[in-house]
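Right, one structure below, let's go through it.
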Amino acid sequence: MHNSLAFRAALSAPTSIEAEKTLSIAILAVSITSVLGAGWMILSFILIPSLRTFRHQLIFGLGISDFMIALNFMISTIMNFTGHEIWQPAQHAFCSFNGFIAQMFIIQTDYWVLLIAICTYVILSDNKRASAWMQGHPIVIWCLPWGLSTLWAVLGLVVVGYGNIGACLFLQRFHALNGLLNWYSGCWFTSDRIRLLVNFIPRWIIVIAIIVLYAQLCWILLKAHRAVSSSEEDDTFIMLSRSQDTQRRRQDPSPNNSSNSRSFRKVHPAPSLKKMSRRMMLYPTVYMMIWIIPTAIRIYQSTAKRPAPLSINILDKVCIAIQGLVDAVIYGLNERTWNAWTERFFWD
């Protein structure tokens with residue numbers, strides 16, 4: 302077995318067996334937690350009827366993507382631990398499959414996040430026609446992330462193939478030279494610069510689009526909150542007027558006073574719009590924070606032409622593998638899935 306993996310040109314791949322093992326241990330631990338978190342999201346949708354609304358259908362799709370990403374990381378790291386190193390030529394078939402799944406579902410999470418943002422904006426902005434169409438055509442909505450991500454993954458497999466970048470596999474053209482597997486780093490997704498342009502720039506365009514959508518939605522909700530507050534003030538004034546009229550009727554009953562009761566308007570409590578908007582802003586904020594480090598590493602390695610330290614590369618992979626756990630925390634707490642579970646299985 303080679304003690305050095307330097308023959309691989311991908312900058313994000315470890316350069317020694319020891320580094321590969323360290324990376325694999327870290328990724329395996331994080332992947333297990335993400336599999337459990339994403340699995341909880343999926344089971345919540347399947348088992349809890351109250352968590353099957355249109356919004357939860359989108360979250361269910363995101364949970365599937367998170368689950369497959371984490372499971373894919375787990376499989377590749379377990380392969381390393383069992384002695385079937387993923388960078389060996391004998392594992393080329395597994396390499397292609399692992400890279401296809403990674404590319405497909407990592408990109409798919411981007412599309413799910415964007416769809417959740419768009420659908421949330423349409424529904425809460427009270428666009429009834431568009432909202433009714435979306436909720437009446439869930440299959441069409443589901444076809445968008447699955448179709449686009451599958452297309453990208455197939456193009457990657459056909460055009461350039463997949464190769465090892467450490468702990469999991471991404472796109473990389475390869476050829477045999479002197480009996481060893483040498484990696485050509487100038488092709489699609491293996492080059493940090495190309496991966497930055499093809500994967501990370503579209504991802505940040507999606508993040509910016511989400512921020513713009515939610516910022517505009519917060520403005521819409523703020524105006525609605527002000528309108529409700531103004532209506533409450535009017536209702537309070539009317540209630541006080543009705544109270545004074547009632548006192549006058551007791552002192553001087555008159556048939557004409559009965560007609561005033563028809564102008565009374567019932568007071569409704571204002572919804573917690575600020576709390577709702579803060580919850581919606583939480584996911585794009587955390588999503589953006591998750592991808593800051595991988596993006597910074599891609600920029601660094603594409604410009605400096607040298608790999609980042611092992612600890613930074615571990616953090617890079619962890620940021621990708623941890624998405625299932627992060628989504629489970631955000632959506633689990635925001636959607637109160639724990640309460641739904643306790644009511645479903647302990648209070649029935």
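Number 595 in our numbering belongs to position 294 of the sequence shown; there are no gaps in the numbering.
Every residue gets a Cβ at the ideal spot worked out from N, C-alpha and C, and that includes glycine.
Inter-segment contact for the segment 591 to 608 and the segment 618 to 630 is present: three or more beta-carbon pairs are separated by less than 8 Å.
I347 sits exposed, since fewer than 16 C-beta atoms from the chains shown fall within 10 Å of its C-beta. In the structure shown, the three-state DSSP call for T354 is coil. Cα atoms of I333 and A525: separation of roughly 43 Å, rounded to the nearest angstrom.
In the displayed model, I613 falls within a helix according to three-state DSSP.
F368 is a Cβ neighbour of A339, given a cutoff of 7 Å. For H385, the three-state secondary structure derived from DSSP is coil. Here the C-alpha atom of F382 lies approximately 59 Å from the C-alpha atom of R527. Here I419 carries a helix assignment [DSSP, helix/strand/coil].
Between M342 and A629, the CB-CB gap stays under 7 Å. Residue D617 holds the alpha-carbon nearest to the alpha-carbon of R599 among D617, N428 and R430. Bounds of the alpha helix (DSSP H) holding S450 are P439 to V460.
The residue among G437, I502, G400 and L372 with its C-alpha nearest the C-alpha of A330 is L372.
Across the structure, D411 and I507 are spaced so that their CA atoms are roughly 7 Å apart. Distance from the Cα of I631 is smallest, within the candidate group L456, N399 and S335, for S335. In terms of CA proximity to L514, Y422 leads the group P608, Y422, I613 and S351.
Counting C-beta atoms within 10 angstroms of its own C-beta, V460 has fewer than 16 neighbours from the protein chains shown and is therefore classed as exposed.
Here DSSP, grouped into helix, strand and coil, assigns R637 to coil. Of the other Cβ atoms in all chains shown, fewer than 16 fall within 10 Å of the Cβ of H385; this residue is therefore exposed. K606 carries a coil assignment under DSSP once its states are collapsed to helix, strand and coil.
Taking 8 Å as the upper bound for CB-CB distance, S366 and F406 are in contact here, some 5 Å apart. DSSP places I623 in the coil class of the three-state scheme, outside both helix and strand. Here the C-alpha atom of A516 lies approximately 43 Å from the C-alpha atom of I379.
Between the alpha carbons of T604 and L415 lies a gap of roughly 29 Å. Residue burial is scored here from C-beta neighbours: I502 has fewer than 16 other C-beta atoms within 10 angstroms and is therefore classed as exposed. I419 and H357 have their C-alpha atoms some 14 Å from each other. CA-to-CA, the gap between P608 and M589 works out to about 23 Å.
In this structure N500 is buried. Its beta-carbon is surrounded by 16 or more other beta-carbon atoms within 10 angstroms. Here DSSP, grouped into helix, strand and coil, assigns D628 to helix. Here N614 is buried, its C-beta having at least 16 other C-beta atoms within 10 Å. The C-alpha of A320 lies about 27 Å from the C-alpha of G457.
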